[in-house]
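Position in the sequence shown (from 1) plus 1086 gives the number in this note's numbering.
Beta carbons: idealized from backbone N, C-alpha and C, even for Gly.
A quick note: this is a predicted structure, and the numbers were derived from the prediction, not measured.
Notes follow the structure.
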Amino acid sequence: MKAKDLRGMSEKELVDQLVSFKKESMNLRFRKTSAELTDNSKIRAVRRNIARINTIIVEKRSAAKHSS
């Protein structure tokens, strides 16, 4: 996902996306361990998406805190 798209989402939508990506990350790790996963780059992409979402959530909370 692009950061621009994520910034347009509400905080609740971001948290829902975060939960979804964490579940996907867990599934990919299990598949890697059992040698079912052939494309390891998916793990990296999901991990980066999780970091991107966490960053934007912190930005939104910080902006809300400073605007009050």
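With distances taken Cα to Cα, identify the nearest neighbour of residue i among the options.
i     : options                : result
F1107 : K1118, R1130 and E1122 : R1130
With a threshold of 16 other CB atoms inside 10 Å of the CB of residue i, please say whether the residue is buried or exposed.
i     : result
V1101 : exposed
Near residue i, what residues of its chain come up, given a Cβ to Cβ distance below 8 Å and the 5 sequence neighbours on each side ignored?
i     : result
R1138 : M1087, A1089 and L1092
S1111 : I1129, V1132, R1133 and I1136
R1115 : I1129
Is residue i near the ligand PLP - that is, is its Cβ less than 8 Å away from at least one heavy atom of it?
i     : result
R1117 : This structure lacks the ligand PLP, and indeed carries no ligand of any kind.
To the nearest angstrom, how far is the alpha carbon of residue i from that of residue j?
i     : j     : result
L1104 : N1140 : 8 Å
K1118 : T1124 : 8 Å
S1154 : K1146 : 13 Å
I1143 : A1121 : 34 Å
E1099 : N1126 : 27 Å
S1096 : A1149 : 13 Å
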